[in-house]
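Each remark here refers to the structure printed beneath this line.
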Amino acid sequence: MKSKVNFKSVIKSGGLLVLLILFLSGCSTNNTKQSKSQSSTSSVATKSSQKKTTKTDLAALPLVGKWKNSGGAVFEFQDNGKWIYQTANHAKTDGTYQLAGAYNHQILLKIHGLDQSIGGIGNYLGIALSKKDQSLFIVGFGQFARQGSTTNIGTASKVRLTGAFNRKPTKPEQLLVGTWMNTDETAEVQLTTNYDPDGQYQRYNSKTNQVERGSFTATVVQNNEPTVTIKLTNQNGKVTTENYQTNGTWTQLTNSKNKVSTVYVKNQMPNMIQ
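Have a look at this one:
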């Protein structure tokens, strides 16, 4: 039996795939840490540039295979870019995945098929490999143990996004990579935006049920609170400039307009919540 996953219904029912954790788990965490992170006038990009970073071989990530949790659920990643999630009751959900980047035993995937309520633009999913590649921690799903042998993810375009990064992001365009959505679920307009490592974006508007696509660039201005300016050029050539204040970990963006602030949060990586 195949089941389709919807963010809102999953959260309301307390269902199996609690994937909104990817986005909203950042809210409480970042709110409590915001004052600390904002006390620094240096951005993540500036701090990271002062440290040596190790490159990750993107072709040597042993992700392909089956992984099982203690409750009997199985996550399978295939070498053709397909993923399958099967619950202990044998209900299945499937779709496709592409590698967006990896660093420090962490993997960022762009997943399609997980959520059908945001125009099919996909979601970003953070994964951590144990140092001996025996287990996976998948944000929103938990810990999975390797079942049998695994193989490397490979280099084919069907399993890797153009521009996938192989070290911890430092540039603003890389720091934005992921899925962002507003924290106010009662807002008249809910925007969900994916920023991809190749400089492309997709934005779903809940009011119009339309998807906007195009390219983006980002620049950072250092103030007491670092500000990022994002320039969007959509599929019709229309250019829009948006300004946001960022927190220290680049998991929260705040846009202030007409004395009203809108907060957007990004999917979390495993090292932020483990």
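Counting from 1161, one number per residue, gives the positions in the sequence shown under the working numbering.
Glycine included, C-beta positions come from ideal geometry on N, C-alpha and C.
Contact under 8 Å by Cβ, residue i with residue j
i: glycine 1280; j: methionine 1429; result: no
i: valine 1343; j: valine 1425; result: Contrary to the premise, residue 1343 reads as threonine rather than valine in this sequence. Yes, they are a contact pair.
i: serine 1327; j: tyrosine 1263; result: It should be pointed out that residue 1327 corresponds to arginine in this sequence rather than to serine. Their beta carbons are under 8 Å apart, which means arginine 1327 touches tyrosine 1263 by this criterion.
i: alanine 1378; j: glutamate 1333; result: yes
i: threonine 1414; j: valine 1423; result: yes
i: valine 1349; j: asparagine 1369; result: no
i: glycine 1241; j: threonine 1256; result: yes
i: threonine 1393; j: serine 1375; result: yes
i: phenylalanine 1237; j: tyrosine 1245; result: no
i: glycine 1314; j: alanine 1219; result: yes
Exposure label - residue i; buried when at least 16 CB within 10 Å
i: glutamate 1372; result: buried
i: glutamine 1266; result: buried
i: lysine 1270; result: buried
i: glutamine 1412; result: buried
i: valine 1388; result: buried
i: glutamine 1362; result: buried
i: threonine 1406; result: buried
i: aspartate 1275; result: buried
i: alanine 1316; result: exposed
i: valine 1381; result: exposed
i: glutamine 1258; result: buried
Paired residues, beta bridge with residue i - DSSP
i: asparagine 1283; result: Ile1271
i: phenylalanine 1479; result: What the structure shows of the chain is the stretch from 1161 to 1434, and residue 1479 is not part of that stretch, so it cannot be assessed.
i: isoleucine 1244; result: Glu1236 and Asp1254
i: asparagine 1403; result: Thr1389
Chain-order list of residues whose beta-carbon lies under 6 Å from that of residue i (same chain, five-residue window excluded)
i: glycine 1323; result: Pro1357 and Asp1358
i: threonine 1339; result: Asn1283, Tyr1284, Asn1354 and Asn1427
Proximal residues to residue i (C-beta, below 8 Å), its chain only, five neighbours per side dropped
i: glutamine 1360; result: Arg1373, Gly1374, Ser1375 and Phe1376
i: glutamine 1395; result: Glu1372, Arg1373 and Gly1374
i: lysine 1417; result: none
*Inter-stretch contact (C-beta, 8 Å, three-pair minimum) for the region 1299 to 1309 and the region 1220 to 1232*: yes
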